[in-house]
Amino acid sequence: MTTRIIHPTRRAVLAGLGASAAGLALGGAASPAMASLTLQARPATLALRPGQPATPVWELAALNPAVDVRLKRGDRCEVSLRNDLPVPVAPVWYGLDGQSAAEPLLGRSAVTSGGTETSIFSMPHAGTLMADLRLLDDGMKQPVRPLPIIVQEAEPPVADRDELFLVEDWRLAADGAAIVPGATGGEIAPIFTVNGKIAPDFTLRANERLRLRVINGCQRAVIAVKFDGVEVLVMALDGQAAEPFTARNGALVLAPGSRADVFLDGTAAPGSATPILLHDGKEARPVARVLTSAEPPLRASRLAPPAPLPSNGLPANLDLKGALRFDVALSAAEAGWSRSSSFAASSAPAFRAKAGRTVVLALKNPTAIATVFHLHGHHFRLLDRFDDGWKPYWLDTLAIEPGQTQRIAFATSAPGRWLIESIATDWAAPRLVRWYAVE
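Heads up: take any position in the sequence shown, counting from 1, add 14, and you land on the numbering used here.
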């Protein structure tokens, strides 16, 4: 067994000191709380075929705590990961900005089979995160389940319950074995689970408010999750507060790795059931239900519309006129992309930028299939067509249609070396990576 302890770099320490000083100036605590999180990469099983033996899969699981992982904004977290899988793993934390100690392949090497890694980093933002082992999926022998991570606000919004809605997809061979992403074959129709279950129910009492954290944990698929006949108020995207808006037709469209925090109010008739549908671009199918309890209403009337979630402090404005601009062609081998398993930290970066600048990326998809882009280290704004403004939300993951170009902008607030990922929305597509530098 190999044990490795990752200490913050001098730059990270100085950044932490600066953050602590800012907290004192604002009347915050002298030092953030230290949380502890024990994770294990391990074999598991999942019931994917009614009446049939459970299917072997792999997963990233939390041992401490043993239930939903809930941290607090501002926590310093000691994360211990034991790898009980027969292959190296490199965790990616979707939504965790500015923590170079957590950056795979650049800030740290993969955790070897049988090894244990302990690292310490901060939780600068409240929101819905996802820890994922699929970066090195070339070497995986089984499909891997990700782990949702909830970082709570200092003052949580008014909601009666706060639950997860993790969507995953699976393909099975004729013998019932799960097929690894990147491989061909298997069932034509994928199997979708929610929180590891086939078609679970979510129960609401009349006038109850549920905060639901919807996560696309699928391997490659862009999905639309539609709450039929239910008003869906979107409060956050990719872990960052958004200006609240009602989802059109109750549907959320999410790229692999994307997250959406929504509020659902119990307004249906007691004893009624409404389906939650999933569309993967080929067909719609029910994956869960919202049940309205026959119990008495939780309160006399529906709660008032909620205030926006508190900001995590991302900049209100971005300097588009003075921005550094770069073109990034997705999934193009000649553009410097490589499979994650063969990535070399000595390769040339996609771009470099000084800290404190605004960067605009023109993300071009020259392929004939939708391709997903994921930015490490920072969140970005999706720009309007003429670069004269941006959408009223932040993202870290974006799907770009075939032959299209989307422009994004972000502030280089976190010095370090960071990955970017590109993956086509096809089960057999490889996961490709490059990196960029903030200096």
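Even for Gly, the Cβ is constructed at its ideal location relative to N, Cα and C.
Quick caveat: nothing in here was measured; it's all calculated off a predicted structure.
Which residues does DSSP pair with residue i in a beta bridge?
i: H293; result: A238 and A298
i: V373; result: L338 and F424
i: F387; result: L412 and S436
i: L178; result: R227
i: P118; result: R122
i: V172; result: Beta-bridge pairing links V172 to no other residue.
i: F357; result: DSSP output for F357 lists no bridge partner at all.
i: T288; result: V304
i: A49; result: C91
i: A367; result: V452
i: A282; result: Bridge partners of A282: none, in fact.
i: G430; result: V452
Can you tell me which of the three DSSP states residue i falls into?
i: A347; result: helix
i: G417; result: coil
i: W441; result: coil
i: M15; result: In this prediction, M15 scores a pLDDT of 45, lower than 50, which makes its location untrustworthy; the coordinate-derived value is nonetheless stated afterwards. Looking at M15 - three-state DSSP - the assignment turns out to be coil, as it is neither helix nor strand.
i: L161; result: strand
i: R148; result: helix
i: G153; result: helix
i: A321; result: coil
i: S315; result: coil
i: A382; result: coil
i: R399; result: coil
i: V447; result: strand
i: S272; result: coil
i: H142; result: Inspection of the sequence shows that residue 142 is occupied by Thr rather than by His. T142: strand per DSSP, three-state reduction.
i: D333; result: coil
i: A55; result: strand
i: G30; result: Because the pLDDT at G30 is just 40, under 50, the model does not fix this residue reliably, and the value given afterwards should be weighed accordingly. Helix at G30.
i: G42; result: With a pLDDT of 43 at G42, under the threshold of 50, the predicted position of this residue should be treated as unreliable, though the coordinate-derived value follows. Residue state, collapsed to three classes: coil.
i: G327; result: coil
i: G37; result: Unreliable positioning characterises G37 in this predicted model, as indicated by a pLDDT of 37, which lies under 50. The coordinate reading is nonetheless provided below. Three-state DSSP puts G37 in a helix.
Can you tell me whether residue i sits near the ligand GDP, meaning its C-beta is under 8 Å from at least one heavy atom of the ligand?
i: A173; result: In the structure on display, the ligand GDP does not appear, and there are no ligands present to speak of.
Could you say which of the options lies nearest to residue i if we only look at CA atoms?
i: N78; options: V267, A274, L161 and A250; result: L161
i: P329; options: R56, Y407, L120 and T59; result: Y407
i: T59; options: L119, S286, L409 and G190; result: G190
i: R262; options: A274, F135, A269 and L247; result: L247
i: W69; options: D401, A75 and A61; result: Per the sequence shown, the amino acid found at residue 69 is Thr instead of Trp. Taking only the C-alpha atoms, the option nearest T69 is A61.
i: D89; options: I134, P57 and G109; result: I134
i: V342; options: G336, K335 and G350; result: G350
i: V236; options: W432, L74, T411 and F216; result: T411
i: A442; options: R399, H139, W184 and R219; result: W184
i: V106; options: W432, P444, D440 and Y450; result: W432
i: V239; options: L180, A283 and A358; result: L180
i: T217; options: E257, P204 and D174; result: D174
i: L147; options: G231, G65 and T207; result: G231
i: L51; options: V71, V374 and R84; result: R84
i: G264; options: L120, L409, G243 and T130; result: G243
i: H9; options: D401, T381 and V374; result: For the chain, the structure presents residues 15 to 453; residue 9 sits outside this window and is missing.
i: A382; options: L119, D440 and A367; result: D440
i: A347; options: V208, G370, D294 and R448; result: R448
i: L389; options: G280, R371, Q420 and S436; result: S436
i: D402; options: L266, L334 and V301; result: L334
i: F365; options: E309, F340 and L344; result: F340
i: V194; options: D152, S355 and G391; result: D152
If contacts are defined as beta-carbon pairs under 8 Å, then residue i and residue j qualify, I think. What distance do you get, rounded to the angstrom?
i: E379; j: I422; result: Before going on, a small fix: residue 379 reads as Asn here, not Glu. At roughly 13 Å, the Cβ-Cβ gap does not stay under 8 Å, so N379 and I422 are not in contact.
i: G430; j: S94; result: Not really, about 22 Å apart at Cβ, beyond 8 Å.
i: R87; j: A168; result: 6 Å
i: A287; j: L305; result: 5 Å
i: L74; j: V158; result: 7 Å
i: V101; j: M154; result: 6 Å
i: T385; j: A438; result: 5 Å
i: P311; j: R219; result: 6 Å
i: L273; j: I205; result: Note that residue 273 is Arg in the sequence shown here, rather than Leu. Contact doesn't hold; Cβ gap of about 22 Å is too wide.
i: S352; j: L446; result: 7 Å
i: R56; j: D82; result: Actually they do not touch by this definition, with Cβ atoms about 18 Å apart.
i: H139; j: G271; result: Not confirmed; about 16 Å, so no contact.
At 3 residues or longer, and completely inside the region 185-269: list those beta strand (DSSP E) runs for me, N to C. 205-208, 215-218, 223-230, 237-241, 247-251, 254-260 and 265-268
At 3 residues or longer, and completely inside the region 57-113: list those beta strand (DSSP E) runs for me, N to C. 69-78, 83-86, 90-97 and 106-108
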